[in-house]
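First up is the structure itself, then whatever we jot down about it.
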Amino acid sequence: MVHLIVPPGTAIGQSNNLTDRQVEQGLDYLNQAFSNSGPFAAANGVDVGIQFCLARRDPNGQPTNGITRTPSNLVNDMMCAPGTNANNDAAIKALIGWDCTRYINIF
Numbered sequence: 030m031v032h033l034i035v036p037p038g039t040a041i042g043q044s045n046n047l048t049d050r051q052v053e054q055g056l057d058y059l060n061q062a063f064s065n066s067g068p069f070a071a072a073n074g075v076d077v078g079i080q081f082c083l084a085r086r087d088p089n090g091q092p093t094n095g096i097t098r099t100p101s102n103l104v105n106d107m108m109c110a111p112g113t114n115a116n117n118d119a120a121i122k123a124l125i126g127w128d129c130t131r132y133i134n135i136f
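Take the position in the sequence shown, starting the count at 1, then add 29; the result is the number in this note's numbering.
Here you go:
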């Protein structure tokens, strides 16, 4: 599950509001790392047998593409710190986090 928290009014593909394709490419990159393939292939590396995918159902059982976009003033127009901090990190997770026993939440 990928959650994008964006400043209100940020268009998809602008700043930290990634396109669906960018999220999918990041997930492909992550899977390559965990499978010791692509740019991560190393003679002493191993495929750990884990493959990540986007959720197909939301917590209510409804179809989803596995990507949520939530406009919030909890973040500013930056990719990372100082856009988030210890104080608003908990508030962000409370705002949009899905059940962590059923989903891996990526913010």
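Glycine included, every Cβ here is placed at the ideal spot set by N, Cα and C. Given the structure is predicted, the values throughout are model-derived calculations rather than measurements.
Query: Meets three-Cβ-pair contact criterion under 8 angstroms: the segment 123-130 and the segment 47-58; Result: no
Query: Selected residue, minimal CA-CA separation from residue 120, among 104, 97, 54 and 78; Result: 104
Query: Residue closest to residue 82, alpha-carbon to alpha-carbon, out of 34, 100 and 52; Result: 52
Query: Rounded distance between the beta-carbons of residue 35 and residue 96, thought under 8 angstroms; Result: With a Cβ gap of about 12 angstroms, residue 96 and residue 35 do not count as contacting.
Query: Which of helix, strand or coil DSSP assigns to residue 135; Result: strand
Query: Status (buried if at least 16 other CB within 10 Å, exposed otherwise) for residue 70; Result: exposed
Query: Euclidean distance between Cα positions of residue 40 and residue 54; Result: 19 angstroms
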